[in-house]
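In what follows, a single structure is set out as structure tokens and then discussed.
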Amino acid sequence: MIRVYVRAPGERRRPPGKADLVLELMGQAPEAGVSLHHNLACLPAVTGPRAGEVTAALLSAAGIWAADKILPRASAPDAWTREITMMLPATLAWGALSRPLAELLQFLTGDRWVVEFRDEKLPLALSGSLPESFTPEAVVLFSGGLDSLAGAIDLLSAGRRIWLVSHYDYGQLAQVQQVLAAALTAHFGADRLQHLAVRLQCPEAPELTLRSRAFLYLTLGLAAAAALGPGVPVVVPENGWIALNPPLTSNRLGSYSTRTAHPRFLAGLGALWHAAGLEHTPVNPYAGRTKGEVLARCREPDLLRRLAPLSVSCARPVAARWRGQGGGSCGYCYPCLLRRAALNRQGWDEAGHYLKDALADPEIFRGRVTGADLRALLLALKTWQTAPEVLLSRVIPPGGPEAGREETWEGLHRLVAAGFEELAALLEARGGPWLRQYLGAAPQG
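Take the sequence shown: its position 45, counting from 1, is numbered 88 in this note's numbering, and each next residue is one higher.
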């Protein structure tokens, strides 16, 4: 069990000797541990009796995210499941939620968590602000991906005033978010939206899976919503296919497939917020749609088509930089393939927008890294065509086994089937001869 101690800003007590890792916000004594670099002060101050719970949530999320980045899964006995004890500063109300928080983190990351809270003053000196004339109706998480772009466009086109909240930990991602937010502002007007870009960086980050990032992102959204007042929703625009994330193969079960917007995670997080007295709810308006359906039903398709090439939905967005080729999406990861399938449905897919065209080059397909997701996708497609019940058995129902009513499974079946239709259409339309031959060998269901 690895013990991680998160120090509150200005905390004077010494970390216990049993702590294996000490995390703190930048500006404290450098010998105390690993410092997180941030601009959290750009968040507006939360007033009222629940201000301490919001600050405790922020410190908890920052510490959990940093621990997730610093502690390599390769050191675990099974090279995946870590055992982590988080020692966190908190208020009394937040401190009563250690068990449900640990259970939620286990579902999200697959690790075994123990959460220990201590009562501590939590001065974060939040000092951000919004224009006095701007009163947003919702906080919208804005990652710079295609779904979050479509979500912002749909809400703005429906006449809503929204506050876009982004998190970034490297400059390339920040630039994508800023360019898209500026384009939306130019189109809809500054009286309809504002953009808040929150930087939180960890200088030591050997682990790349980052299953806990959704917890951090949503907590940043919570902090913004709490500053606006009770009841303001935190909108998480994520297509339902990737939210459920059907495991493509039997070795991608559990948290090996991400659960960043899984309905059960969002429901559990909302329950946690409410138990702490925070009257906000995470909402995913696209939970019942595939990525292609998100694009097809966009309220302003011309605007979405114009801005889509500026968005990034890649799991390896720095792959091009590693190769000395500037920025860009890799083209061979699972999110890139899903993105191409959705764009192909609209007739918008352009292979030249990616570092590599994984569908046209058999050498990419054979690569250990570059072909891994495409090979898994082809295997899943064959499984779906020949034995769909096998693949459906891997899907976690939104509310757990007790929610496995007939209508729930009908909705899941429709969503999974529609997602595979989009993927199959992409492979058949854009794949090279070798790939089309492979698909032709698959039994048709």
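All residues carry an ideal CB built from backbone N, CA and C; glycine is no exception.
From a predicted model like this one, the values you see are computed outputs, not experimental measurements.
query: Could you tell me which uninterrupted beta strand (DSSP E) segments, each at least 3 residues in length, are contained entirely in the region 99–150, listed from first to last along the chain?; result: 126–133
query: Give a yes or no on whether the C-beta atoms belonging to Phe-177 and Leu-207 are separated by under 8 Å.; result: no
query: Could you tell me the distance, in whole angstroms, from the CA atom of Ser-172 to the CA atom of Leu-398?; result: 39 Å
query: Pull up the DSSP beta-bridge partners for Trp-206, would you.; result: Val-182, Gln-237
query: Would you kindly work out how many angstroms separate the C-alpha atoms of Ala-226 and Pro-120, rounded to a whole number?; result: 48 Å
query: Output the distance between the C-alpha atoms of Arg-203 and Ala-195, rounded to the nearest integer angstrom.; result: 9 Å
query: Decide yes or no for the touch test of the region 103–120 against the region 253–261: beta carbon pairs closer than 8 Å, at least 3 of them.; result: yes
query: Work out the CA separation of Thr-124 and Ser-118 for me, nearest whole Å.; result: 9 Å
query: Just mark Glu-67 as buried or exposed, buried being the case when its beta carbon has 16 or more other beta carbons within 10 Å.; result: buried
query: Enumerate in chain order the residues of its own chain whose CB-to-CB distance from Gly-414 is below 8 Å, with the five nearest sequence positions on each side excluded.; result: Tyr-375, Ala-401, Ile-407, Phe-408
query: I believe Leu-169 touches Pro-290 by the beta-carbon criterion, under 8 Å. Please report the beta-carbon distance rounded to the nearest angstrom.; result: Actually they do not touch by this definition, with Cβ atoms about 39 Å apart.
query: Ignore the nearest five residues each way along the sequence and tell me which others in Tyr-377's own chain have a CB closer than 6 Å to its CB.; result: Asp-416
query: Opposite Gln-244 in the DSSP bridges: which residues?; result: His-80
query: In whole angstroms, what separates the C-alpha of Gly-447 from that of Thr-90?; result: The predicted position of Gly-447 is uncertain, since its pLDDT is 47 and thus under 50; no value can be drawn from it.
query: On the three-state DSSP scale, how would you describe Val-222?; result: helix
query: Buried or exposed: Ala-233, going by 16 or more other Cβ atoms within 10 Å of its Cβ?; result: exposed
query: Do three or more CB pairs link the region 339–348 to the region 295–304 at distances below 8 Å?; result: no
query: Along the chain, where does the beta strand (DSSP E) containing Glu-54 start, and where does it finish?; result: Counting along the chain, Glu-54 falls outside any beta strand (DSSP E), and DSSP gives it neither H nor E.
query: Whether or not the region 127–136 and the region 160–167 are in contact is what I'm after, with contact meaning three or more pairs of Cβ atoms, one per stretch, closer than 8 Å; do they touch?; result: yes
query: Give me, in chain order, the residues of the same chain whose beta-carbon lies closer than 6 Å to that of Ile-113; leave out the 5 immediate sequence neighbours on both sides.; result: Glu-247
query: What's the C-alpha gap between Glu-281 and Arg-340?; result: 14 Å
query: Quick one: give me the first and last residue of the beta strand (DSSP E) that Arg-349 is part of.; result: Where Arg-349 is concerned, there is no enclosing beta strand (DSSP E), although the alpha helix (DSSP H) it sits in stretches over 344–350.
query: I'd like to know whether the C-beta atoms of Pro-325 and Leu-309 end up nearer to each other than 8 Å.; result: yes
query: Considering only their Cβ atoms, is the gap separating Leu-469 from Ala-384 smaller than 8 Å?; result: yes
query: What residue range does the beta strand (DSSP E) around Phe-408 cover?; result: Premise fails: Phe-408 lies in the alpha helix (DSSP H), 405–409, not in any beta strand (DSSP E).
query: Between Glu-471 and the rest of its own chain, which residues show a CB-CB distance below 7 Å, the 5 nearest in sequence each way excluded?; result: Arg-479, Leu-482
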